Amino acid sequence: MAVVGQGAPVRGAAGHPPAHAVLSPAMVPHPREELFSVLVVDDHPLLREAIAARLRSMGAGTVYEAASVAEARARAHANGPCDLAILDLGLPDGSGLDLVTELRSLGWNRLVVLASSDDPYAVRSAFQAGAQAYLLKSASAAIVTDGVKRVLDGGVYADPTVAPLLATGTRVPGTDNTPRELSAREVEVLQLVADGQSNKEIGEALSLSALTVKSHLSRIGRKLGTGDRAQMVALAMRAGVIR
1178 MAVVGQGAPV
1188 RGAAGHPPAH
1198 AVLSPAMVPH
1208 PREELFSVLV
1218 VDDHPLLREA
1228 IAARLRSMGA
1238 GTVYEAASVA
1248 EARARAHANG
1258 PCDLAILDLG
1268 LPDGSGLDLV
1278 TELRSLGWNR
1288 LVVLASSDDP
1298 YAVRSAFQAG
1308 AQAYLLKSAS
1318 AAIVTDGVKR
1328 VLDGGVYADP
1338 TVAPLLATGT
1348 RVPGTDNTPR
1358 ELSAREVEVL
1368 QLVADGQSNK
1378 EIGEALSLSA
1388 LTVKSHLSRI
1398 GRKLGTGDRA
1408 QMVALAMRAG
1418 VIR
């Protein structure tokens, strides 16, 4: 459980994602000026080392490592909460989802899941447990960097590979805890709202009248249980519907 040092390029072990999927010469164009602390939880040492190297290139001052739920809990109590945690879902002694929930309860507000599974159910479960991002271990260095930066800046992120799987027909909890289903068009409208576009701009982008856009937003609001644009976006991001 020692603090991970500056890692050199490493080779992927058989059966595991190659380290260069996370660690590559294409580091961050504009490293963050401030130092931040990170906990990396994964039972594959080479992958932890690669992640640590990438995080240091982004401005991480201290990177702790843990190979299991038990070690992560010990680190969380001894050194947390850190500014960021990156964790796998499949750990030797338990579920990474349970760990996400535990860390959230301990005041960890920036949690990134880095997993092998692209199953929509696993992705949704991670967001529902409290994760701010879901990344695949097979993702490019640029995607990992983008996701981590988004979370450090207070946003939510879904790997581009899994994001489309979450859009059409994704269910989002309503105010009465009954699943409410967003249509593909409603997801498009909500994504443009998240991008900061006005009703007029959304209409122009989707070839819809202002009245139709307003109607879509009203239906989305009823399904999500809020008419506030920011809250609608936050709920949809947390559910993995948009990014």
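Numbering of the sequence shown is given in the numbering used here, commencing with residue 1178 and proceeding in unit increments. For each residue, glycine too, the CB sits at the ideal point set by N, CA and C. Keep in mind it's a predicted model, so treat the numbers as computed, not measured.
- Between ASP1260 and ARG1287, the beta carbon gap of about 6 Å places them in contact (Cβ cut-off 8 Å).
- Straight across, the Cα-Cα distance linking SER1234 with GLY1380 is about 41 Å.
- By the Cβ-count criterion, ASP1219 is buried, with 16 or more other Cβ atoms from all chains shown falling within 10 Å of its own Cβ.
- Assignment of THR1239 by DSSP, reduced to helix, strand and coil, places it in the strand class.
- Taking the Cα positions, LEU1291 is about 30 Å away from GLN1374.
- For ILE1379, the enclosing alpha helix (DSSP H) stretches over residues 1376-1383.
- Counting only the Cα atoms, PHE1304 lies some 23 Å from LEU1224.
- Of all C-beta pairs linking the stretch 1404-1417 to the stretch 1362-1373, three or more are shorter than 8 Å, placing the two stretches in contact.
- Taken in chain order, the whole alpha helix (DSSP H) runs of length 4 or more contained in the stretch 1211-1286 are 1222-1234, 1246-1256, 1273-1282.
- Straight-line measurement puts the Cα of PHE1213 at about 7 Å from the Cα of GLY1236.
- For TYR1311, the pairing in a beta bridge is given by DSSP as VAL1290, ALA1335.
- The C-beta distance from SER1272 to LEU1266 rounds to 7 Å, short enough to meet the 8 Å contact threshold.
- Beta-carbon to beta-carbon, VAL1333 and ALA1310 are separated by about 7 Å, close enough to satisfy the 8 Å threshold.
- In this structure, LEU1232 is the residue among GLY1238, LEU1232, GLU1248, PRO1222 with its C-alpha nearest to the C-alpha of VAL1289.
- Contact check for VAL1339 against VAL1418 fails: the beta carbons are separated by 8 Å or more.
- Within the same chain, Cβ atoms closer than 6 Å to the Cβ of LEU1216 are found at TYR1241, ARG1252, CYS1259, ALA1262, the five residues on either side in sequence being excluded.
- Its chain contains ALA1306, GLY1307 as the residues whose beta carbon lies nearer than 7 Å to that of THR1278, once the 5 sequence neighbours on both sides are disregarded; these appear in chain order.
- DSSP places VAL1390 inside the alpha helix (DSSP H), whose first and last residues are 1387-1401.
- CA-CA distance, LEU1401 to PRO1297, rounds to 20 Å.
- Annotation: the continuous alpha helix (DSSP H) that includes VAL1325 extends over 1318-1329.
- In this structure, the straight-line span from the alpha carbon of ALA1227 to that of SER1293 is close to 16 Å.
- As the crow flies, the alpha-carbon of SER1395 is around 7 Å from that of GLY1404.
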